[in-house]
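Residue numbers (full-length UniProt numbering): 1 to 186. Here is the structure we will look at.
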Amino acid sequence: MMRSKEEKTTESVPAIQNSSCGFREIFNSTIMSESLVVCDVHEDLVKKLKEFRFRKETNNAAIIMKIDKEKQLVILEEEHEDISPDELKDELPERQPRYPFELRESESQETFVVYSYKYQHDDGRVSYPLCFIFSSPVGCRPEQQMMYAGSKNKLVQTVELTKVFEIRNTEDLTEEWLREKLGFFR
Numbered sequence: 001m002m003r004s005k006e007e008k009t010t011e012s013v014p015a016i017q018n019s020s021c022g023f024r025e026i027f028n029s030t031i032m033s034e035s036l037v038v039c040d041v042h043e044d045l046v047k048k049l050k051e052f053r054f055r056k057e058t059n060n061a062a063i064i065m066k067i068d069k070e071k072q073l074v075i076l077e078e079e080h081e082d083i084s085p086d087e088l089k090d091e092l093p094e095r096q097p098r099y100p101f102e103l104r105e106s107e108s109q110e111t112f113v114v115y116s117y118k119y120q121h122d123d124g125r126v127s128y129p130l131c132f133i134f135s136s137p138v139g140c141r142p143e144q145q146m147m148y149a150g151s152k153n154k155l156v157q158t159v160e161l162t163k164v165f166e167i168r169n170t171e172d173l174t175e176e177w178l179r180e181k182l183g184f185f186r
């Protein structure tokens, strides 16, 4: 009996056929991972972030970044001096487009933030940790999520950041939340 090419191919991978995730899920996962876009970090931004790391000021400050989709580059969006976590929260988009020509009003925008925070320890010491905060609001497009997720790791490695946090709701970004997160790095 002659079998079709499709029957032979499917028969040769019974483990995939019978697995709980199925062939289609494995295939789609492979396609998605191959299409993951990792953006480079603009060279001027790398320089600015390295200078920011060694800043002498003792106030809170933030650099907010986004991805330029056309150039596939992480770029500077805004800089803030003397900004509290609550004020920073107000600067981050929850459901407002940062690319008005690409996003519909109902879509969210992801953002990268490097935040220099004046941290008063319980024993009286003061430190100035450099925190990387990845804002990934619920409602972002899957393609956008993949681009930001892949680029996040590259950005963290390029700038050599160690305190990396993610928020899904900008309302979570409070002084209490940040102090709790930094408590793990004593």
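A virtual CB, placed ideally from N, CA and C, is assigned to each residue, including glycine.
Validate contact between the region 124 to 135 and the region 162 to 179 using beta carbons, cut 8 Å, 3 pairs: Taking 8 Å as the limit for Cβ pairs, the verdict is that the region 162 to 179 does touch the region 124 to 135.
Endpoints, the beta strand (DSSP E) within which Tyr148 is located: The residue given as residue 148 occupies position 148 in the sequence shown. Tyr148 -> not in any beta strand (DSSP E); alpha helix (DSSP H) instead, spanning 142 to 159.
Range covered by the alpha helix (DSSP H) that runs through Asp86: Taking the sequence shown and counting its residues from 1, one reaches residue 86 at position 86. It spans 85 to 91 - the alpha helix (DSSP H) in which Asp86 sits, taken as one unbroken run.
Three-state class that DSSP yields for Lys163 in the structure shown: In the sequence shown, residue 163 corresponds to position 163, counting from 1. The answer is strand: DSSP assigns Lys163 an E or B state.
C-beta atoms of Val114 and Ile63 nearer than 8 Å: Along the sequence shown, one-based indexing puts residue 114 at 114. Along the sequence shown, one-based indexing puts residue 63 at 63. Against a cut-off of 8 Å, the Cβ pair of Ile63 and Val114 comes out as a contact.
Cβ-based neighbour list, Asn153, same chain, cut-off 8 Å, excluding 5 preceding and 5 following: Within the sequence shown, residue 153 is the residue found at index 153, counting from 1. Val38.
DSSP-derived helix/strand/coil call for Lys66: Working through the sequence shown from its first residue, we reach residue 66 at position 66. In the structure shown, Lys66 adopts extended strand secondary structure according to DSSP, grouped into three states.
Inter-residue Cα distance where the pair is Lys69 and Arg125: As a working note, residue 69 is residue 69 in the sequence shown. As a working note, residue 125 is residue 125 in the sequence shown. If you take the alpha carbons of Lys69 and Arg125, they lie about 42 Å apart.
First through last residue of the beta strand (DSSP E) which encompasses Phe52: As a first step, residue 52 must be located in the sequence shown, where it is residue number 52. Boundaries around Phe52 are those of the alpha helix (DSSP H), 43 to 53, since no beta strand (DSSP E) includes it.
Identity of the residues DSSP links to Phe112 by a beta bridge: To locate residue 112, count along the sequence shown from 1; it is residue 112. Note: Phe112 sits in a beta bridge opposite Met65, Phe134.
Best match in Tyr117, Ser84, Glu87 for proximity to Lys56 [C-alpha to C-alpha]: Here residue 56 is taken as the residue at index 56 of the sequence shown, counted from 1. Taking only the C-alpha atoms, the option nearest Lys56 is Tyr117.
Sub-8 Å separation of Val46 and Ser151 beta-carbons: Against the sequence shown, residue 46 aligns to sequence position 46. Against the sequence shown, residue 151 aligns to sequence position 151. No, the Cβ-Cβ distance between Val46 and Ser151 is not below 8 Å.
N- and C-terminal bounds of the beta strand (DSSP E) containing Leu182: Taking the sequence shown and counting its residues from 1, the one referred to as residue 182 is at position 182. Counting along the chain, Leu182 falls outside any beta strand (DSSP E), though it belongs to the alpha helix (DSSP H) covering 175 to 182.
Residues that DSSP places opposite Tyr119 in a beta bridge: Counted from its first residue, the sequence shown places residue 119 at position 119. BP columns for Tyr119 point to Ser127.
Inter-residue Cα distance where the pair is Asn60 and Glu180: Along the sequence shown, read from residue 1 onward, the residue named residue 60 stands at position 60. Along the sequence shown, read from residue 1 onward, the residue named residue 180 stands at position 180. The alpha-carbon separation between Asn60 and Glu180 amounts to approximately 17 Å.
Coil, strand or helix - Asp82 by DSSP: Taking the sequence shown and counting its residues from 1, one reaches residue 82 at position 82. Assigned with DSSP and collapsed to three states, Asp82 falls in coil, not helix or strand.
Which listed residue (His121, Gln109, Gln157, Ile133) has its alpha carbon closest to that of Arg141: Here residue 141 refers to the residue found at position 141 when the sequence shown is read from its first residue. Of the candidates His121, Gln109, Gln157, Ile133, the one whose C-alpha sits nearest the C-alpha of Arg141 is Gln109.
Burial state of Lys66, where buried means 16 or more other Cβ atoms lie within 10 Å: Numbered from its first residue, the sequence shown carries residue 66 at position 66. Counting Cβ neighbours within 10 Å, Lys66 comes out buried, since at least 16 surround it.
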